């Protein structure tokens, strides 16, 4: 009896001592709002990881993962490891709402990368705001999203009002067009982008504009493209979200004998789903994008090497995601410096981001609304199986 | 005043420039709608149910065609005779689609044959959701591209006829759709099986008394309807070069509308309805902004149903006593 009691005592003591050392080893990080000990910091990644936009979204995810891995390799934040959690909405706002609720309910989550689509952001930003969860989107460009007073929403790309104006400038000054056809899909981003571009074109004195609507996923645009052919514009601006839709658009336009220069959106900057899927029709077409040619920026070389060794070529959605993750983690790091961290603190720290020099080739500063200051649009031409950067427009 | 509205007379030269091309566009689309509508109308004619899973059968046909093309090409180049490849795509899609059609009949509809019609309808909706998600699960949500440019020699790909540009694929699709419709009409009119089908459609019970194996006829209807739907899936894939798990929804809706427009239950009606629907959609774009395309289609449907509730070629079946 006594012997057994002694064994229990020793075991118990060993457990206590072990426990003490274990707790002393992990640097304590506490959320004072809930009093909870933070054992792991979660970063959400909301996007359409399945579906027609899967390839840009996966590029976003992998790139953000590279940044997060680098932080973990340095020991995490305040001794706490970081974990990147995927939330797939399949481009469906209803599913996105579930993702947002799940992220908000996760007490270990202190920031979100994404969502990358305007319609999805529109459906979920209120939920993220109610949970004080900071979101950095890498691709959402509908202007009104940052005009609603939400403090937790940041974007690392220019807004449609800049893009639209820049596209109008590109169409007028670079493509020298006098007559323009604008086709847009009926969703938050496309409708707004078309509207802003047409506004810009009119301001630049181009009055000959045909504006028509297409149905996404219909796979047949020949009737509306026939109308475009008769109109005979110099430029056809095809405003759709995903690359497969624009591949069909450029192919059917060619097939009908439309001579206009094809200008696609940032979604089309995808070698496989746009250039290859168009089966040769995309040659000579242009696309705009919010990110510059990453291969030309020396500071990005390390990221490019890491990405390409694992996932192949970069289309353009990845670099901003890498940058966004770094900016977010830097803010979390500053918020956690005192051993305490709350979601609100993370938002406050993000607002202090000024002249952050990362891999994008321009300094990142967020204004009061959470928008990127400045805001350039980059233009690429399809040459063979590559996108060649041909122009940068900065609103002038 | 709707912005972008073009009235005849106001811009007549534009209208004349656009018309022939839109007729070609409409005819292609209409042929495809007609093929899908036939599946709806045949099943309705015999079972009195709307087979909402038919759009999914069409989608599965498209995927089958994609796989055949994919397996028979390397680096987007086919390594077999192109005519043989297209033939195989269509035949295999028809086989797979009719197989799926027969399976749905056997397991989802036959057990409910004597249940109220609404149960059958719900079962069909369930099958539709199941098939769509099954394909989503196993094929993914991303659109698949049909790499068709190696199928047709460069010089033949696009043909100019006056102001009309017509691709070889379009000609092929128009010919094949109308050929299939012609064959079906012959079969229904001339063969014994066709006669039995017509008899079953007219009065299922009476047909049983006359020694017609009704179960066999129903299976046959599902085979034919699904095969045509599957063929339509491949033809659209060849023409528009993409298929994804969701294409069945829109195609099903259009096929169903075409069937109702032509008079549901009537096979010539489905053909007429499909072609008319395709033409209306394309021609509407000439006068109206393209966002009103579907509005025009459905306005026409409503008007036809008000004037002739049974549809264009639908017959009023006398009440069974």
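Protein chains in written order, with my numbering: chain A, 147 to 542; chain B, 1000 to 1320. Idealized CB from N, CA, C, for every residue including glycine. These numbers were taken from a predicted model, which means no experiment stands behind them.
Quick check on residue 1260(B) - is its C-beta less than 8 Å from some C-beta in chain A? Here residue 1260(B) refers to the residue found at position 261 when the second chain is read from its first residue. For residue 1260(B), the answer is no, since every Cβ of chain A falls outside 8 Å of its Cβ.
Is residue 361(A) helix, strand or coil when you go by DSSP? Taking the first residue of the first chain as 1, we reach residue 361(A) at position 215. Residue 361(A) sits in coil when the DSSP states are folded into three classes, being neither helix nor strand.
In the DSSP assignment, what residue or residues form a beta bridge with residue 336(A)? The sequence position of residue 336(A) within the first chain is 190, counting from 1. DSSP lists no beta-bridge partner residue for residue 336(A).
Is it buried or exposed for residue 470(A), if we count other Cβ within 10 angstroms and need 16 for buried? Within the first chain, the letter at position 324 stands for residue 470(A). Result: buried.
Using a Cβ-Cβ distance cut-off of 8 Å, determine whether residue 1304(B) contacts chain A. In the second chain, the residue the question calls residue 1304(B) occupies position 305. Closer than 8 Å: no.
Measure the CB-CB distance between residue 287(A) and residue 508(A) and report whether it falls below 8 Å. As a first step, residue 287(A) must be located in the first chain, where it is residue number 141. As a first step, residue 508(A) must be located in the first chain, where it is residue number 362. No, the pair does not count as a contact, with Cβ atoms beyond the cut-off.
Would you call the CB atoms of residue 263(A) and residue 194(A) closer than 8 Å? Indexing the first chain from 1 puts residue 263(A) at position 117. Indexing the first chain from 1 puts residue 194(A) at position 48. Contact flag set, yes.
Would residue 1016(B) count as contacting chain A if we go by Cβ distances under 8 Å? The count along the second chain starts at 1 and reaches residue 1016(B) at position 17. Using beta-carbon distances, residue 1016(B) counts as an interface residue toward chain A, with a partner under 8 Å.
Given a cut-off of 8 Å on the beta-carbon distance, is the pair residue 1247(B) and residue 1057(B) in contact? Numbered from its first residue, the second chain carries residue 1247(B) at position 248. Numbered from its first residue, the second chain carries residue 1057(B) at position 58. A contact, by the Cβ cut-off of 8 Å.
Tell me the DSSP bridge mates of residue 330(A)? Position 184 of the first chain, counted from the first residue, corresponds to residue 330(A). 359(A) and 385(A), per the DSSP bridge assignment.
Rounded to whole angstroms, what's the CA-CA distance from residue 426(A) to residue 371(A)? Just pull it up for me. Along the first chain, read from residue 1 onward, the residue named residue 426(A) stands at position 280. Along the first chain, read from residue 1 onward, the residue named residue 371(A) stands at position 225. Distance between the alpha carbons of residue 426(A) and residue 371(A): 18 Å.
Would you say residue 403(A) faces chain B, with C-beta separation under 8 Å as the test? Locating residue 403(A) in the first chain gives position 257, where the first residue counts as 1. Yes - at least one Cβ of chain B is within 8 Å of the one on residue 403(A).
Checking the sheet assignment: what are the DSSP bridge partners for residue 182(A)? The residue given as residue 182(A) occupies position 36 in the first chain. Beta-bridge annotation (DSSP): residue 182(A) is paired with 177(A).
Identify the contact partners of residue 1140(B) in chain A, using a Cβ-Cβ distance below 8 Å as the criterion. As a working mapping, residue 1140(B) is identified with position 141 in the second chain. By Cβ distance, chain A contributes 196, 197, 198, 200 and 236.
Can you round the beta-carbon distance between residue 1053(B) and residue 1254(B) to whole angstroms, since I take them to be within the 8 Å contact cut? Translated into positions along the second chain, residue 1053(B) becomes position 54. Translated into positions along the second chain, residue 1254(B) becomes position 255. That pair is a contact at about 7 Å.
According to a CB-to-CB cut-off of less than 9 Å, which residues of the segment 233-267 of chain A neighbour chain B? Per Cβ criterion, the list reads 236 and 237.
When burial is assigned at 16 or more other CB atoms within 10 Å of the CB, is residue 322(A) buried or exposed? Along the first chain, one-based indexing puts residue 322(A) at 176. Classification for residue 322(A): exposed.
Does chain A have any CB closer than 8 Å to the CB of residue 1055(B)? Looking up residue 1055(B) in the second chain gives position 56. No, residue 1055(B) does not count as interfacial toward chain A.
For the segment 410-429 of chain A, enumerate the residues whose C-beta is nearer than 7 Å to any C-beta of chain B, in chain order. Of all residues in the segment 410-429 of chain A, 423, 425 and 426 have a Cβ within less than 7 Å of some Cβ in chain B.
7 Å Cβ cut-off: residues of chain A touching residue 1239(B): On the second chain, residue 1239(B) is found 240 positions in, with the first residue counted as 1. Per Cβ cutoff of 7 Å: 365, 366 and 394.
Can you pull the chain B neighbours of residue 373(A), defined as C-beta to C-beta under 8 Å? Along the first chain, one-based indexing puts residue 373(A) at 227. Per Cβ cutoff of 8 Å: 1017, 1284, 1285 and 1289.
CB residue 501(A) to CB residue 511(A), shorter than 8 Å? Stepping through the first chain from its first residue, residue 501(A) is reached at position 355. Stepping through the first chain from its first residue, residue 511(A) is reached at position 365. The Cβ-Cβ distance between residue 501(A) and residue 511(A) falls below 8 Å.
Which residue from 1065(B), 1190(B) and 1214(B) puts its Cα closest to that of residue 1101(B)? To locate residue 1101(B), count along the second chain from 1; it is residue 102. For the residues 1065(B), 1190(B) and 1214(B), the minimum Cα distance to residue 1101(B) belongs to 1214(B).
Exposure of residue 168(A), with buried meaning 16 or more beta-carbon neighbours within 10 Å: Sequence index remark: in the first chain, residue 168(A) carries index 22 (1-based). Note that residue 168(A) scores 43 on pLDDT, short of 50, meaning its location in the model is unreliable; the coordinates nonetheless yield the value given after this. Per the 10 Å Cβ criterion, exposed.
Cβ of residue 1144(B) within 8 Å of any chain A Cβ: As a first step, residue 1144(B) is located in the second chain; it is residue number 145 there, counting from the start. Yes, contact with chain A.
Would you verify that the beta carbon of residue 1245(B) is, or is not, closer than 8 Å to some beta carbon of chain A? Within the second chain, the letter at position 246 stands for residue 1245(B). Chain A contact via Cβ: present.
Since residue 384(A) and residue 329(A) should fall inside the 8 Å C-beta cutoff, what is the C-beta to C-beta distance between them, to a whole number of angstroms? Within the first chain, numbered from 1, the residue matching residue 384(A) stands at position 238. Within the first chain, numbered from 1, the residue matching residue 329(A) stands at position 183. Contact annotation, residue 384(A) with residue 329(A): C-beta distance approximately 5 Å; criterion of less than 8 Å satisfied.
I think residue 382(A) touches residue 408(A), with their Cβ atoms under 8 Å apart; what is that distance to the nearest whole Å? The sequence position of residue 382(A) within the first chain is 236, counting from 1. The sequence position of residue 408(A) within the first chain is 262, counting from 1. Confirmed, Cβ separation roughly 5 Å.
Residue 378(A) classed as buried or exposed, judged by whether at least 16 other C-beta atoms fall within 10 angstroms: For the purposes of this step, residue 378(A) is identified with residue 232 of the first chain, where counting begins at 1. Within 10 angstroms of the beta-carbon of residue 378(A) lie fewer than 16 other beta-carbons, which makes it exposed.
Secondary structure of residue 1172(B), DSSP reduced to three states: By 1-based counting over the second chain, the position of residue 1172(B) is 173. Here residue 1172(B) sits in helix by DSSP.
Taking its Cβ as the centre, do 16 or more other Cβ atoms sit within 10 Å of residue 1314(B), making it buried, or is it exposed? As a first step, residue 1314(B) is located in the second chain; it is residue number 315 there, counting from the start. Residue environment: residue 1314(B) is assigned as exposed (fewer than 16 neighbouring CB atoms within 10 Å of its CB, all protein chains considered).
What's the C-alpha gap between residue 1260(B) and residue 1063(B)? In the second chain, counting from the first residue as 1, residue 1260(B) sits at position 261. In the second chain, counting from the first residue as 1, residue 1063(B) sits at position 64. Rounded to whole angstroms, residue 1260(B) to residue 1063(B) spans 29 Å at the Cα level.
Could you pull out every unbroken beta strand (DSSP E) segment of at least 3 residues lying fully inside the segment 1099-1172 of chain B, listed in chain order? The qualifying runs are 1157-1160 and 1163-1166.
The beta strand (DSSP E) enclosing residue 591(A), as first and last residue numbers: This structure leaves residue 591(A) out entirely; chain A is present only between 147 and 542.
Beta carbons nearer than 8 Å to chain A: which residues of the segment 1208-1237 of chain B have them? Listed by position along the chain: 1235.
Cβ-based neighbour list, residue 973(B), same chain, cut-off 7 Å, excluding 5 preceding and 5 following: A query on residue 973(B) cannot be resolved here, the shown segment of chain B reaching from 1000 to 1320 and no further.
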